[in-house]
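As structure tokens, the structure follows; a few thoughts come after it.
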Amino acid sequence: MIKNCLYMYKKIWSYSKLRIVLIFVVAFFAALNTCADLLFFKFMIEGISEHRAYQYILVLIAIRLGILLLMQCVDNIANTVIFPFCDLKIKKGFSIELYEKVKDIDLIGFDNEKFYDKYSRAFNETEYRATGMLQTLSYVVSVTVQIIVVVITLAYINPVAILISILGALVTAWANVVNTKAVYNYDLKKTKLFRGFDYIKRVFYIPEYSKDIRMTHLDQVMYKKFDRLTSDNRQVVKECAPKIAAVAISGSWAFNFLSMGVTSAFMVYKVYQGVLGIGDFVTAVYAVNSLSNNLLQFSNIIPQFSEHALFINNYLEVLNYQTQIQSEKDAEEISPFGKKEIELKNVSFHYPNVECNAINSVSLHIRAGEKIAIVGENGAGKSTLIKLIMRLYEPDTGELCLDKTPYNQITKSSIAEVFSVVQQDFQHYALSIKENITLVGHRGQKEHADDEAVWDAIRRVGMFEKIDSLPKGIDTQVTKEFDEEGLNFSGGQLQRLAIARMIYQNSGVMIMDEPSSSLDPISEAKIFDLIYELAKDKTLILVSHRLSGVKDMDRILYMEEGCIKESGTHAQLMKLDGNYAKMFKIQAERYGDNETV
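First residue of the sequence shown: 1, per UniProt numbering; consecutive thereafter.
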């Protein structure tokens, strides 16, 4: 616990030293205010009972008021003006560190539910955990200093009251420590449920689902899922909450009985004995009340640190994640340009918690500049094979080579730059059209976005007239999420933008996973013509369900159950009369294409 918390405070210190220094400054003035409170009551009551001059009382009031106003001024300036700026720097530091780490986490890690739960908690809590730890540190410093002031005062009046108050605080601290792990496990059980609630919220919130909600019974299905999650959540509450509440109530009762009841009775007894005067009694009662409250806060701080430490475990597990996809220390950089040769040697791969392989002993040699298509039924392993080629996954066995160099002898960044990709689940972002295209980075010599290259890519995918007619042109926002003047593109138009992104990237290997899935037949034909034109001086790997678009490829690979079952040109595979031919004939009949060779 201590090691984890110290790690976080060192990180916070590196992001904003002023934030931590001001915690001690504010704590000093809070302690000064507490000291003034104790002495004010004592001197005020003694002054009145001894019939001191009225001016003496006014001076006491003025001093007390001055200290209070000074403390409030420091506190308000720190909390309202300075802390927000410091907290922004700290949040940015932690968030960027986590965002940077995401790029190093293997894609396969997101298929591991246990890791993904910790990943989700780390991401969800990063925003406020650092400020929460600062708040805890503020409590520690402030409460500690105030406890010291009050203890010194009570030690002068009657030390026994200190011991009784401390005993009550220890009982509460024990109860809080007992509850900390229970509360953490309680939250852990709710994490998966809350992910379900968040998913339902996204379904009703994200525009992509709006048509299904209106045209289907999706809302009713989501209501049922919501009811199941609510029922599961209720069961978790029923199992965990009563135990947590019982321990908390027991600790609270013990604290109040000892710190307030027993201590107050003891002080009154001393007054009746004539040991304490009225001024000392009032000061002692106030001091006991202050000590009790501060000790209670201190006892609550211990489980806060424990809770922080448990979160930090999740955070550090994400930061310390060891990627399986690694390159050797002396890995070389390669040029992203030009035709590339790709070879897979007896490659196998399986997903976590799945016994059967998604890819089974695949050996494949793609010649430099070759145009190949990968086809097959859903679940055949096409997209998984593509991810292995792009080195998003690491094979369980076998080896992949690029231009005869093993992948692990090439830097990961170099391999990423070799591929211009249109994914099956291509994404668009609430950014400008230009930013959506240039986010891949231009593989030419220019460091900054090249508007001419952007317009060229847009022109080649047939969207020049539409985008040129927009008032802001390529600076128009995609979606209206952050800009009312933004544009909601159709699925086909978004797919064209994804292809424009690939054109702009201009790398040596083009990978297209279902590039025409959102296009009409005429647009599809134009896109396939464009693909063949773009691939003249590149290596092309195309995944498609529409077999009519792959007939002209140099080679077609038919996949089934993670294996390449058939390989050859369209004519060769039709002559073979295997599963590819069967699938092609079915599609030809369905779409009215009678050409089978």
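Don't be surprised by glycine CBs; every beta carbon is placed ideally from N, CA and C.
When burial is assigned at 16 or more other CB atoms within 10 Å of the CB, is residue i buried or exposed?
i	result
D468	exposed
S14	exposed
D280	buried
G444	With a pLDDT of only 46 at G444, under 50, the local geometry of the prediction cannot be trusted, and no value is derived from it.
D106	buried
P303	buried
V509	buried
I96	exposed
R234	exposed
Q477	buried
L58	exposed
V81	exposed
residue 598	Residue 598 cannot be examined here, being either before or after the span of the chain that is shown, 1 to 597.
E514	buried
K243	exposed
C86	buried
V597	The predicted position of V597 is uncertain, since its pLDDT is 47 and thus under 50; no value can be drawn from it.
N314	buried
K10	exposed
N33	buried
T323	exposed
S363	exposed
K446	Residue confidence is low: K446 scores 47 on pLDDT, short of 50, so the model does not pin down where it sits. Its coordinate-derived value is still stated next. Burial call: exposed.
S210	exposed
K3	exposed
Taking the alpha carbon of residue i as the reference point, which residue from the options has its own alpha carbon closest?
i	options	result
G66	A36, P84, H51, S95	A36
E343	H365, S335, Q322	H365
S432	K103, L494, C401	L494
A588	Y269, M71, L69, H545	H545
N357	G338, D396, K329, F337	D396
D520	K371, G168, I213, G491	G491
A31	Y7, T144, T126	T144
F311	K181, K412, S210	K181
Q418	Q427, A368, F426	First, the amino acid is wrong: residue 418 is Val here, not Gln. Taking only the C-alpha atoms, the option nearest V418 is A368.
I63	M44, S231, T479	M44
R459	I437, D212, S210, I108	I437
F266	M553, A161, T411, K118	A161
T405	D227, E533, D330, V26	D330
K434	E452, N256, M574	E452
E485	A175, A498, P471	P471
A245	S420, K224, A175	A175
L218	G549, V203, E394	V203
L439	V183, S348, Y504	Y504
V421	S49, E481, S523, R391	R391
S292	A173, S363, S414	A173
S335	C73, D104, V454, S507	S507
E50	Y99, I278, E481, S165	I278
D537	G251, K224, E341	E341
I12	V74, K92, M512, K42	K92
residue 635	N488, A430, K526	The chain is shown from 1 up to 597; residue 635 falls before or after that span and cannot be answered.
I108	L163, Y351, Y199, E208	Y351
Just to check my reading of the structure: residue i and residue j have Cβ atoms closer than 8 Å, yes? What is that Cβ distance to the nearest angstrom?
i	j	result
V375	I531	The pair is not a contact, with the Cβ atoms about 15 Å apart (cut-off 8 Å).
I147	N294	5 Å
L22	I157	The Cβ separation is near 33 Å, so there is no contact.
T283	L60	Actually they are not in contact, since the Cβ atoms of T283 and L60 sit about 14 Å apart, beyond 8 Å.
K201	V236	No, K201 and V236 are not in contact; Cβ-Cβ is about 19 Å, not under 8 Å.
Y558	K551	So it is not a contact: roughly 13 Å between Cβ atoms.
M1	S306	6 Å
Y153	A287	The sequence given here places Thr at residue 153; Tyr does not occur at that position. With a Cβ gap of about 5 Å, T153 and A287 count as contacting.
V151	V247	That pair is no contact at about 28 Å.
F40	G168	F40 to G168, Cβ: 26 Å. No contact.
A27	S142	4 Å
L400	Y407	5 Å
Where DSSP assigns a beta bridge to residue i, which residues make up the other side?
i	result
A373	L542, I556
E333	According to DSSP, which records beta bridges pairwise, E333 is partnered with nothing at all.
V347	V362
H342	The sequence given here has Ile at residue 342, not His. I342 pairs with I366, L402.
For chain B, check one thing: does any of its Cβ atoms lie closer than 7 Å to the Cβ of residue i?
i	result
L58	Of the chains in the structure shown, none is chain B; there is only one protein chain.
Quiz prompt | In chain order, each alpha helix (DSSP H) run of at least 4 residues that lies wholly inside the segment 463 to 499 | solution = 464 to 468
Practice problem: Starting from the N-terminal side, write out each stretch of the beta strand (DSSP E) that is 3 residues or longer and does not extend beyond the segment 392 to 458. | Solution: Listed in chain order, they are 397 to 402, 419 to 422.
Practice problem: Could I get the ranges of all uninterrupted alpha helix (DSSP H) runs contained in the segment 179 to 253, with 4 residues as the minimum, in chain order? | Solution: 210 to 215
Quiz item: Which runs of the alpha helix (DSSP H), 4 residues or longer, sit entirely within the segment 497 to 585?
Solution: 521 to 534, 570 to 576
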